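Engineer: According to the working numbering, the sequence shown holds residues 259 to 484 in order.
Every residue, glycine too, gets a C-beta built ideally from N, C-alpha and C.
Bear in mind the structure is a predicted one, so any value in this text is a computation, not a measurement.
I have a structure I would like to understand better, so I am pasting it below and will then ask my questions one at a time.
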Amino acid sequence: MNFTLSSMWGHMGPVAQLIVIVMGIMSVVSLLILAERVLVFRASRRHSRRFAAEMGTLLSSGDFESAVDAKAGVDVGYLGRTIRAGLTAYRSSATDSREEAMESVARGLERQAQREVQSLKRGLGHLATVASTAPFVGLLGTTIGIVTAFQEMGAGGAGGIGTISTGISEALVTTAFGLLVAIPAVMGYNSLQSWVDARAVDLSEASNEFLDAAGRALKRARSVAG
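Okay, structure coming up:
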């Protein structure tokens, strides 16, 4: 038996081949999720930065009416959607007391921020599943390969390396496949999860800054009205 991938594939049993195919599908799925999330994250961050640059001056000055009416583009990123939810709550609570208006704005910001974080996490659960289960799927193939080796040993009536080489190769190949699938998935999941956690902190800070600005604007508006 030549220890090449094609030769080992040809000598694998149907169960070991099925395990390798399953791990191949898992690898493709994890890579697709990684690529899709990276593209989504980059686009969303770019749109959020553009929104911050366009609306930052209006919001920091407390000109919320102009900010509500301003057109910031179709896609404003996770930051823009969260701040727009706060602006919508600010406008709808214009006739409420200052305390009620602040509570309404805070709830609007919190709800939208949670939606954005969950949206950013989409697909990460599947990636975590691949990362955690791939080594065990490979271990199943290892077990099948060891069983095959003992079967060959029993059938041949001898325990030489040549007799059990097929089963051992199955075990090693499936183990290697499991690790090759799991390692990129683990690294990708940890990286993407760290990015989402950082964006959650950004949303929390932006929401707090918006609340401070909204509080000052409401105070001025109530003072003028009084």
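Given residue 451, which residues of its chain have a CB within under 7 Å of its CB, disregarding the five upstream and five downstream residues?
Structural biologist: As a position in the sequence shown, residue 451 is number 193, starting the count at 1. The residues are 382.
Engineer: Quick one: is residue 449 buried, meaning 16 or more other Cβ sit within 10 Å of its Cβ, or exposed?
Structural biologist: Here residue 449 refers to the residue found at position 191 when the sequence shown is read from its first residue. Looking at its Cβ environment, which holds fewer than 16 other Cβ atoms inside 10 Å, residue 449 is exposed.
Engineer: Under 8 Å between the Cβ atoms of residue 303 and residue 378?
Structural biologist: Position 45 of the sequence shown, counting from 1, holds the residue named residue 303. Position 120 of the sequence shown, counting from 1, holds the residue named residue 378. Not closer than 8 Å, so no.
Engineer: For the pair the segment 270 to 280 and the segment 297 to 315, tell me if three or more CB-CB distances fall below 8 Å.
Structural biologist: no
Engineer: List the whole-angstrom C-beta distance separating residue 389 from residue 444, where the pair is believed to meet the contact cut-off of C-beta under 8 Å.
Structural biologist: As a working note, residue 389 is residue 131 in the sequence shown. As a working note, residue 444 is residue 186 in the sequence shown. That pair is a contact at about 4 Å.
Engineer: When burial is assigned at 16 or more other CB atoms within 10 Å of the CB, is residue 315 buried or exposed?
Structural biologist: The count along the sequence shown starts at 1 and reaches residue 315 at position 57. It is exposed - the Cβ of residue 315 has fewer than 16 other Cβ atoms within 10 Å.
Engineer: With distances taken Cα to Cα, identify the nearest neighbour of residue 284 among 351, 440, 453 and 472.
Structural biologist: Start at 1 with the first residue of the sequence shown, and residue 284 comes out as number 26. The closest CA to that of residue 284, considering only 351, 440, 453 and 472, is found on 440.
Engineer: Taking only beta-carbon atoms, is residue 394 less than 8 Å away from chain C?
Structural biologist: Considering every chain present, this structure includes no chain C. It has just one protein chain.
Engineer: Who are the near neighbours of residue 396 in its chain, counting only those whose CB is closer than 8 Å to its CB and skipping five residues on each side?
Structural biologist: In the sequence shown, the residue the question calls residue 396 occupies position 138. Taken in chain order, the residues that qualify are 277, 281, 432, 433, 434, 435, 436, 437, 439 and 440.
Engineer: Count the other CB atoms, across all protein chains shown, that sit within 10 Å of the CB of residue 429; report buried if there are 16 or more and exposed otherwise.
Structural biologist: Position 171 of the sequence shown, counting from 1, holds the residue named residue 429. Buried: at least 16 other Cβ atoms inside 10 Å.
Engineer: Return the first residue and the last residue of the alpha helix (DSSP H) that residue 338 is part of.
Structural biologist: Walking along the sequence shown from the start, residue 338 turns up at place 80. In this chain, the alpha helix (DSSP H) harbouring residue 338 covers 335 to 350.
Engineer: Pop quiz: residue 362 and residue 347 are said to be a contact at Cβ under 8 Å. What is the actual Cβ separation, rounded to whole angstroms?
Structural biologist: In the sequence shown, counting from the first residue as 1, residue 362 sits at position 104. In the sequence shown, counting from the first residue as 1, residue 347 sits at position 89. Indeed, because the Cβ distance is near 5 Å, the residues count as touching under 8 Å.
Engineer: With DSSP collapsed to three states, give me the class of residue 354.
Structural biologist: Mapped onto the sequence shown, residue 354 falls at position 96. Residue 354 falls in the coil class under three-state DSSP.
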